[in-house]
Amino acid sequence: MYQLTNEIFNRYITDFNDLILDNLTYINTTSSTHGSINVLNNYVKSVTPTKCICYSCIELIAAKEDRKYLKIEFTISYSDFYSVPKLHFRMYNNMDQLLLDMDQWDEYNELLGMSPDNEEYKKDYTFTIETNELLNSTWMSIHPCETLEVVGQFAETSIMEDDKEKIKALKYLSSWFGTYGLTRIFPRISYRPTFSGV
Amino acid sequence: MSGVISEETGVGKALKYVAIQSFVESSFFTKLSELKLNEFKLDASKRAIRGFFTSPKKLNKFNDFPTLNLDFQSFEKGPVADSKNVYVTGELFNVNTIEEFKNLNKQDQLKEWGQEIFNDIVAAKELNFKHFNRFYILTFSDLKKYKFYYWVAYPTLHSPWNVVGGSNEELVHKYSDKIKEFLDDESDFNQFIQVVNGKLVNLQDIHLAQHGTFVFIDSSLNKEQKPSIQLKNYLYFLANKGFEEVDIIIYRNNGSSFHSHLKLDKADFKNDVLPKITGWERTSQGKLGAKLADLGSLINPHQLAEQAVDLNLKLMKWRIAPELNLDIIKEQRVLLLGAGTLGSYVARALMGWGVRNITFVDNGRISYSNPVRQPLFSFKDCYSDNGQGEWKAARAAESLKEIFPGVNSKGLNLEVPMIGHPVSDEAKSKANFNILSDLFDENDIIFLLMDSRESRWLPTVIGYAKNKIVINAALGFDSYLVMRHGSLKQNEKDRLGCYYCNDVVAPNDSLSDRTLDQMCTVTRPGGALMASALAVELLVSILQHPESKGAPNGSSTKFGEVPHQIRGFLHNFQQTKLYAPNYKHCSACSDVVIEKYNEGGWEFVKKCLNDSGYLEDICGLRKVQEEADLATAELMGDLGFSDDEDEDAEWLD
Chain S
7 MYQLTNEIFN RYITDFNDLI LDNLTYINTT SSTHGSINVL NNYVKSVTPT
57 KCICYSCIEL IAAKEDRKYL KIEFTISYSD FYSVPKLHFR MYNNMDQLLL
107 DMDQWDEYNE LLGMSPDNEE YKKDYTFTIE TNELLNSTWM SIHPCETLEV
157 VGQFAETSIM EDDKEKIKAL KYLSSWFGTY GLTRIFPRIS YRPTFSGV
Chain L
5 MSGVISEETG VGKALKYVAI QSFVESSFFT KLSELKLNEF KLDASKRAIR
55 GFFTSPKKLN KFNDFPTLNL DFQSFEKGPV ADSKNVYVTG ELFNVNTIEE
105 FKNLNKQDQL KEWGQEIFND IVAAKELNFK HFNRFYILTF SDLKKYKFYY
155 WVAYPTLHSP WNVVGGSNEE LVHKYSDKIK EFLDDESDFN QFIQVVNGKL
205 VNLQDIHLAQ HGTFVFIDSS LNKEQKPSIQ LKNYLYFLAN KGFEEVDIII
255 YRNNGSSFHS HLKLDKADFK NDVLPKITGW ERTSQGKLGA KLADLGSLIN
305 PHQLAEQAVD LNLKLMKWRI APELNLDIIK EQRVLLLGAG TLGSYVARAL
355 MGWGVRNITF VDNGRISYSN PVRQPLFSFK DCYSDNGQGE WKAARAAESL
405 KEIFPGVNSK GLNLEVPMIG HPVSDEAKSK ANFNILSDLF DENDIIFLLM
455 DSRESRWLPT VIGYAKNKIV INAALGFDSY LVMRHGSLKQ NEKDRLGCYY
505 CNDVVAPNDS LSDRTLDQMC TVTRPGGALM ASALAVELLV SILQHPESKG
555 APNGSSTKFG EVPHQIRGFL HNFQQTKLYA PNYKHCSACS DVVIEKYNEG
605 GWEFVKKCLN DSGYLEDICG LRKVQEEADL ATAELMGDLG FSDDEDEDAE
655 WLD
């Protein structure tokens, strides 16, 4: 099974970040909220000589009259202990108030693509409030306990043996982003990269 | 800008720029508050910090304006570990009061900072982009409310250049590849490059003349072809060095590079005078004004603890048990009678479940044997308070707050009147009784966690009289009992028994004349943890039941069964659920006892305390005993034995 190391993560996180920026979109369906996604800030940074972090701040804006608004900050880093990438995130409302209590998210079910009675994200993940060690501050995260196995299986189907190292890494990171990253938690945010131009 | 029209071309307009926007990640303020508390304190002197821009080589379609990033590493000194971004230096001016922040003359301050930049770029011998990109941040940190007021300034020196003619695409095309190569080759970042005889040289080796061609590496990909405002300081520098007409290639990594031909309005430029300086950041609405970061929920440890505790509980609801009612648990006011081993562990488990209101009652002080078994106490508690040891209840309440400040805990030093222990000081006993009775009114749930059997009698009676949830946990040497008391509102046939329902005598003094091994503190230490944990889990199951304390024995909710009693044995590691219905002659929960209590209050209690025989009369146990004696005598008679004979009489005589 393909395994991403910290070194490979560091080598390709900038490319992966570019892929995210090129492919992150808001899914509009005819029946429900029309909205858009906007990237307010984004960077990849070496926090220590061996650890990199990718930081993004995006906003989701509903086009409907209610103009629901959410700001989401998220970081991608590599967990040495679990040997997988890790997502940290924080959500804010239009008053810039942090929404750490996930019951507050219910108000944004439509914008985020959650059906109100089926809170998938709540069932599927162990969310924690913890210190993001690389940023020295408090974030929400998904506990990475099953990530290695689940992402490994997903990545297995897309990674070809003769793919270049970079493509393998990007495919793996993309599989991860779709299962333990932003797009799985918030179904309305879509990330469907193609690797042909990479 | 003066907007003087050039006589030669007839065209002249000021160049338009894109302003820098700061992006202060919240860890910047977390770090600032830490430094303010531990290092800066009231010292408001200006301090060097640093920020970063995304490397112009890595700009993306979202980079409509240059972004100055600040985070917790902005305060670090020494070499920068990060080679992915472009670092600039700045200064932090953290003032101590909001008034200072408001009243500071912003114009004068900006001028002072502008002067520094002016001095840097006019006089400095070693020029690099950092001299042209200095930033300043004025802050006020309200550390009580975790509010941070800030305003960033990028002092910009004005020089009167006018655009002459349109963009020369040919020139842009000619140099684009060369610029890309130059940027890829260089180890240090350069933002402003001169073209000398078709070659690119950096600012350090500037070739002075009246005319010149320069490359500005843009830090945004703004679609309106406006260069970033950082260019202005470079243009001032050129004017100051005697350039009058320049070609500027504004280079971008996405193919949208463009060109501007600029001419200096010499009449409007004085070399030896500090120029007009602008640079206070505007808000996203385009207004001049400070920004506010309200980070209470993010860095206030109290708020964080509350949210994190709640989140952990909610995960259970979301992932495992959607019907779990957490609010009902959180709302409960819980009274713990006994702040010893059981009380300590019960309190901790209650906090784990999100209970926020806990009151301890105990009358003892912490002794040297306690801390190892009682997790709310530590060694120092044994000898503090002048060597006597702290009062248990008060210390336990304080400990809870140390563990979780969101808890509302109280500790009362109180003797619970005990049956079989005659009243010696009536005023005191009555006062204690009244306090206890009030505590029952103020709380929803009562845990009986004392170290003797008879001290549980009065709370059992009051619990029934006031219809409270009462959970009882008791320890033997290697066994434990955890049970819930019934309610008078239950049907008599379903009504659960209480702690005393299996007794045929009223409780009496069990403490006097006992050897050490008969006292209840002689227990296997783990038993208390097991009993405490079960007691709290039993409570949670009761609270999830629609009938609450009225839930019949063994009935279930989606959260599981609600048993009546659990008895566990450590000698064989077995645990059993038991059910014992109420006993109509019970000395604590029979209808008649509760009626007498409701009628007589303290007077009734006093009589019982003084003479347990009185209680046996009331509840009918005496009669039961007499009937039992009679029955025994009859049985003996039937069998041909005489119970009257004193077996010892023979030899005593």
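Line by line, the protein sequences are chains S and L. One rule links them: number in this note's numbering = place in the first sequence (from 1) + 6. One rule links them: number in this note's numbering = place in the second sequence (from 1) + 4. Every residue, glycine too, gets a C-beta built ideally from N, C-alpha and C.
Taking all protein chains shown into account, do 16 or more other C-beta atoms lie within 10 angstroms of the C-beta of leucine 634 of chain L, making it buried, or fewer, making it exposed? exposed
Which same chain residues end up closer than 8 angstroms to valine 420 of chain L when comparing Cβ atoms and leaving out the 5 residues on each side of it in sequence? Here the set comprises Leu341, Val365, Asn367, Asn436, Leu440, Met454, Ser459, Leu462 and Pro463.
Check whether the Cβ of glutamine 311 of chain L lies closer than 9 angstroms to any Cβ atom in chain S. yes
Would you verify that the beta carbon of aspartate 103 of chain S is, or is not, closer than 9 angstroms to some beta carbon of chain L? According to the sequence displayed, residue 103 of chain S carries glutamine and not aspartate. Interface residue, yes.
For serine 62 of chain S, count neighbouring C-beta atoms within 10 Å of its own C-beta (all shown protein chains included) and say buried if the count is 16 or more, exposed if not. buried
Just by C-beta distance, which residues in the stretch 153 to 187 of chain S are closer than 7 angstroms to chain L? none
Could you please give me the residues that DSSP links to proline 415 of chain L through a beta bridge? Note on identity: in this sequence residue 415 of chain L is glycine, with proline being the wrong assignment. DSSP lists L/Phe364 as partners of glycine 415 of chain L.
If you measure between the beta carbons of serine 348 of chain L and glutamine 378 of chain L, is that distance less than 9 angstroms? yes
Buried or exposed for asparagine 476 of chain L, going by 16 or more other Cβ atoms inside 10 Å? buried
Evaluate the contact criterion for the stretch 165 to 173 of chain L versus the stretch 260 to 271 of chain L: three or more CB pairs, one atom per stretch, below 8 angstroms. yes
Can you tell me which of the three DSSP states methionine 487 of chain L falls into? strand
Please determine, among L/Leu418, L/Ala637, L/Ala353 and L/Glu249, the residue with the shortest C-alpha to C-alpha distance to valine 540 of chain L. L/Ala353
State the Cα-Cα distance for the pair aspartate 130 of chain S and arginine 323 of chain L, rounded to the nearest angstrom. 7 angstroms
At least one CB of chain L closer than 9 angstroms to the CB of methionine 108 of chain S: is that the case? yes
Please report the straight-line C-alpha distance between aspartate 209 of chain L and valine 219 of chain L, rounded to a whole angstrom. 14 angstroms
Measure the Cβ-Cβ separation of leucine 93 of chain S and arginine 194 of chain S and say whether it is below 9 angstroms. no
Tell me, to the nearest whole angstrom, how far the beta carbon of alanine 297 of chain L is from that of serine 30 of chain L; I am working on the premise that it is less than 8 angstroms. 7 angstroms
Using CA coordinates, which residue listed in L/Thr101, L/Tyr91, L/Lys110 and L/Ile102 is at the minimum distance from phenylalanine 136 of chain L? L/Tyr91
Residue(s) in a DSSP beta bridge with valine 219 of chain L: Paired residue(s): L/Ile197 and L/Ile253.
Considering lysine 57 of chain S, what are the terminal residues of the beta strand (DSSP E) in which it resides? According to the DSSP assignment, lysine 57 of chain S belongs to the beta strand (DSSP E) that extends over 57 to 68.
Using the C-alpha atoms, what's the distance from isoleucine 252 of chain L back to lysine 280 of chain L? 22 angstroms
Going by Cα to Cα distance, which pick from S/Val53, S/Leu141 and S/Gly187 is closest to phenylalanine 133 of chain S? S/Gly187
Is there a Cβ of chain L sitting closer than 9 angstroms to that of leucine 66 of chain S, yes or no? no
Where alanine 431 of chain L falls, given that 16 or more other Cβ within 10 Å makes a residue buried: exposed
With a floor of 3 residues, list each beta strand (DSSP E) that falls wholly inside the stretch 158 to 200 of chain S, ordered by position along the chain. 195 to 197
Interface residues of the stretch 614 to 647 of chain L facing chain S [CB-CB below 9 angstroms]: none
Residues bridged to threonine 93 of chain L (per DSSP): L/Arg54
Have a look at the DSSP bridge pairing and note the partners of threonine 134 of chain S. Beta-bridge partners of threonine 134 of chain S (DSSP): S/Ser147.
Determine, for isoleucine 14 of chain S, whether the minimum Cβ-Cβ distance to residues of chain L falls below 9 angstroms. no
Top-ranked residue by Cα proximity to lysine 57 of chain S, from S/Lys177, S/Lys77, S/Leu76 and S/Tyr84: S/Tyr84
Checking the sheet assignment: what are the DSSP bridge partners for asparagine 47 of chain S? Answer is S/Cys63, bridged to asparagine 47 of chain S.
With distances taken from CA atoms, which of L/Asp181, L/Lys434 and L/Lys40 is nearest glycine 604 of chain L? For glycine 604 of chain L, the nearest C-alpha among the options comes from L/Lys434.
Would cysteine 593 of chain L and histidine 489 of chain L be called neighbours here (beta carbons separated by less than 9 angstroms)? yes
Asparagine 244 of chain L (DSSP reduced to helix, strand or coil): Here asparagine 244 of chain L sits in helix by DSSP.
Determine which residues of the stretch 53 to 70 of chain L have a Cβ less than 8 angstroms from any Cβ of chain S, and write them out in chain order. The residues in question are Phe56, Thr58, Lys62, Asn64, Lys65 and Phe66.
What is the DSSP secondary structure of glutamate 79 of chain S, counted as helix, strand or coil? strand
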